[in-house]
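Take a look at the structure set out below.
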Amino acid sequence: MTCQTNSDNCKADARHFLLPNAELSVWPNWLPAHQASALQARLTTELSWRQEQIRIYGKVVKIPRRQVWMGDAHCSYQYSGVRFAPELWHPLVQQLAAKLTDMLGHPFNCVLLNLYANGTEHMGWHADDEPELGRTPVIASLSLGASRRFDLKHRTDGHQLQLALANGSLLVMGGDCQQYWQHRLPKQSRVSAARLNLTFRYIVPPA
Ligand SMILES: O=C(O)CCC(=O)C(=O)O
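Just so you know, we're using this note's numbering here: the sequence shown kicks off at 38 and counts up by one.
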């Protein structure tokens, strides 16, 4: 993904990865650290975080993080068998969605926010390949707070990639990434600080 504007965020250094079946870019300093930390503090206290339960092999378990699903009214979303209706936009999050839409020349109308209290909280291997996102979704993932490892693996050809997603970094996954690759946020028990992640997405509005 390349920048479509001349904004300060676009001028921040970007790394574009040459990978089979994926477009992947990282802006390590998309937000300055002080701005990212201030945003993390506000969203942590101002949103109604929920720890959802899912059923795995017939057992109901709490997912190891807190979440908020937010966006335009039509953006209901199914994740691990659970359907979420969107929360109303928080103005700061809506501003970020508009900024990303402008920067990437691609619309974003919903976002999954994940709050990991520390390194024991995590997310397992998956792809953001729900049908409502379309065949080639663009996922813009903003990280706030503790730096965490982020792993990607190709579904068939053995390629693997590890990234460090630090405070204020932006990762953009596009092209066929969600069809051919899976990603996860592994446990890192030594990380004691919290991390907040926002994955912006687009769901086509009903006709
Ligand atoms: O916290 C992260 O960076 C991963 C989030 C994620 O994979 C997702 O929301 O689908």
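Backbone N, C-alpha and C fix where the C-beta goes; we use that ideal spot for every residue, glycine too.
Please read all numbers here as calculations on a predicted model, not as lab measurements.
Per-residue DSSP class, three states only, for residue i
| i | result |
| --- | --- |
| Tyr217 | helix |
| Asp139 | helix |
| Val130 | helix |
| Leu170 | helix |
| Glu158 | coil |
| Thr193 | coil |
| His53 | strand |
| Val105 | strand |
| Val228 | coil |
| Asn151 | strand |
Opening and closing residue of the alpha helix (DSSP H) in which residue i lies
| i | result |
| --- | --- |
| Gln72 | 70-83 |
Residue i - containing beta strand (DSSP E), residue span
| i | result |
| --- | --- |
| Lys99 | 96-99 |
| Ala59 | 59-64 |
| Leu208 | 207-211 |
Cβ-Cβ separation, residue j to residue i (assumed contact under 8 angstroms), whole Å
| i | j | result |
| --- | --- | --- |
| Arg79 | Leu129 | 7 angstroms |
| Gly156 | Arg227 | 6 angstroms |
| Ala201 | Ser229 | The Cβ separation is near 17 angstroms, so there is no contact. |
| His159 | Lys224 | 5 angstroms |
| Leu68 | Gly205 | 4 angstroms |
| Thr235 | Leu133 | Contrary to the premise, residue 235 reads as Leu rather than Thr in this sequence. About 7 angstroms separates the two Cβ atoms, so the contact holds. |
| Tyr217 | Ala70 | In fact, because the Cβ distance is near 33 angstroms, the residues do not count as touching under 8 angstroms. |
| Pro174 | Gln215 | 6 angstroms |
| Arg221 | Gly161 | 5 angstroms |
| Trp126 | Gly108 | 7 angstroms |
According to DSSP, residues forming a beta bridge with residue i
| i | result |
| --- | --- |
| Gln90 | Lys99 |
| Met38 | Met38 pairs with nothing; no bridge assigned. |
| Asp188 | Gln199, Arg221 |
| Phe121 | Tyr114 |
| Ile240 | Answer is none; Ile240 lacks a bridge partner. |
| Ser178 | Leu208, Thr236 |
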